[in-house]
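Comments concern the structure below.
2 protein chains.
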Amino acid sequence: MPLTLQLPPLSTGESVPLYQQIVEAIRREVASGRMPAGSPMPSFRTLAAQLAVSLITVKRAYEELEHDGVILRHQGLGTFVAPDGERRSKSDRRTVAVSALRSAVRAGRDAGLEDRELMEILERELADSPHPAGQPIGGRR
Amino acid sequence: MPLTLQLPPLSTGESVPLYQQIVEAIRREVASGRMPAGSPMPSFRTLAAQLAVSLITVKRAYEELEHDGVILRHQGLGTFVAPDGERRSKSDRRTVAVSALRSAVRAGRDAGLEDRELMEILERELADSPHPAGQPIGGRR
DNA sequence: CTAGTGTGTATATTTACTATATACAGTGAG
DNA sequence: CTCACTGTATATAGTAAATATACACACTAG
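Protein chains in written order, with my numbering: chain W, 3 to 143; chain L, 3 to 143.
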C-alpha cells in the first residue's frame, strides 16, 4: 500500500520543473525514514493522477531518483526504495544544505552583512522552522 | 571608460541561463560600490564581445536590471548605474541570502543535521570565504 | 546640415527542455 | 490464457534561452 506523498502542492508557476519538485519531495520522504528500504513507491499512474501531472513527468522524476540510487524500478513489478536510499537521500540533502549556506555567505557578503548578522538570521530561521516530526503520512487513495 | 566586469567565466554547462549569470555578476559589482551611481555600463556590444555571448543576451540581462531599478538605459546614449542602484542591489543580495539560509535549514533538517551542526558549517564557510575586498577591477580594453 | 560611428531596439529563427498523449512491453493472479 | 496491474518507448506541442541580422536614436566631425 503505497503512501500518499507529502508534496507542497506542486507550484506550477514557480518555474522550477514539476519533475524536480517531485524528486525533491520524494527525497525528503525517503530521507525522513518514513519510507524504509524495500517500501513500494506509488505506481506511475497512481502518482500522476494524485499530483494531476502526466505519467511521463513521474517517469522523469523516477529516472533521476534511480540514477541517484534512491529507488529501484522493475518493469511489471513496480518501484521500490533502494537498500541505502535513506543514506543517499540524506547525503544529498546535506550537500544541498552546505551549498545553500555557501550561497548565503556569498550573497550576504555582497549585501554588506556582517558575519554576526548572517549567524543571527540563520538562528532566526532555525527557530521559525519546526523540526521535521518524522510522523508517517496518512495513506489516503 | 566602462570597466571590465568581474565575471565567473560564465559556466555554460551550469544550466543557469547566461543572462542571469550576467545579472548576478553586475549586481555584485554595483552592490560592492565599485560602480557608483551614474557610472557608464559597458555597451551591449562591448560586453557581448567581452563575454563571448550574443548581443541579445546582454540586452536581456540589462532589461532585468533596469526593471529592478539598478541601471538606466537611454537609446543612443548608453546605459548607466541608477541613482540608488547600490542600495537596490544590496537589498536584492540580502533577500537572496535570507532565502538561501531558509533553504539550508530545510535541507539540513531533511539531512538529519542538528541546529548546532548547521551553525558550525556556516561558521566554516564564513571563515573559508574571504571578505569582498571592494577593490576596483582593472579596466582593460 | 550631413555623414559617420557610437549607442540601444526589434524581428525572425534555431535549439533545448518541459510536459503531454498514446501505444507498447513485462509480471503475476485468476 | 486472460486480465489488470506494473514500467517503457515514440511522436508531439509548448515554452524559454540564445542567436544573427536589420532597424532607430544621439552625439560629433567635417
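All residues carry an ideal CB built from backbone N, CA and C; glycine is no exception.
8 Å Cβ cutoff, residue i in contact with chain W
| i | result |
| --- | --- |
| L/LYS92 | yes |
| L/LEU67 | no |
| L/MET41 | Note on identity: in this sequence residue 41 of chain L is Ser, with Met being the wrong assignment. Chain W, which has no Cβ nearer than 8 Å to the Cβ of L/SER41, makes this no. |
| L/ALA63 | no |
| L/ARG89 | no |
Per-residue contacts from residue i into chain L (C-beta, under 8 Å)
| i | result |
| --- | --- |
| W/SER17 | Simply none; closest approach about 11 Å. |
| W/HIS76 | Near W/HIS76 there are no residues of chain L at all, since even the closest Cβ is about 27 Å away, more than 8 Å. |
| W/PRO134 | ARG111, ASP112 |
Whole-number beta carbon distance between residue j and residue i, since they are thought to touch under 8 Å
| i | j | result |
| --- | --- | --- |
| L/LEU103 | W/LEU124 | 5 Å |
| W/GLY87 | W/ALA50 | Not quite, the Cβ-Cβ distance comes to about 21 Å (not below 8 Å), so this is no contact. |
Euclidean distance between Cα positions of residue i and residue j
| i | j | result |
| --- | --- | --- |
| L/ARG108 | W/ARG30 | 10 Å |
| L/GLU119 | W/ALA129 | 15 Å |
| L/ALA113 | W/SER101 | 13 Å |
| L/SER91 | L/VAL72 | 7 Å |
| L/GLU122 | W/GLU127 | 15 Å |
| W/ARG143 | L/PRO19 | Annotation note: pLDDT 32 at W/ARG143 (below 50); position unreliable, no value reported. |
| L/ARG62 | L/ALA33 | 20 Å |
Where residue i meets chain W, residues with beta-carbon distance less than 9 Å
| i | result |
| --- | --- |
| L/VAL83 | None at all; the shortest Cβ gap to chain W is about 15 Å. |
Where residue i meets chain W, residues with beta-carbon distance less than 7 Å
| i | result |
| --- | --- |
| L/ASP86 | In chain order: nothing, as chain W lies at least about 14 Å away. |
Test: residue i CB closer than 8 Å to a CB of chain L
| i | result |
| --- | --- |
| W/LEU124 | yes |
| W/LEU20 | no |
| W/MET121 | yes |
Among the options, the one whose alpha carbon lies nearest that of residue i
| i | options | result |
| --- | --- | --- |
| L/SER131 | W/ALA106, W/SER56, W/ALA54 | W/ALA106 |
| W/ASP117 | L/GLY114, L/LEU20, L/ARG111, L/ARG96 | L/ARG96 |
| L/ALA84 | L/ALA27, L/SER93, L/PRO42 | L/PRO42 |
| W/VAL25 | W/LEU57, W/ARG36, W/GLU65, W/SER56 | W/GLU65 |
Chain W residues whose Cβ lies nearer than 8 Å to that of residue i
| i | result |
| --- | --- |
| L/SER34 | ASP112 |
| L/ASP117 | LEU128 |
Proximal residues of chain L, C-beta to C-beta of residue i below 7 Å
| i | result |
| --- | --- |
| W/GLU27 | Note that residue 27 of chain W is Ala in the sequence shown here, rather than Glu. Result: empty, since nearest Cβ-Cβ is about 11 Å, beyond 7 Å. |
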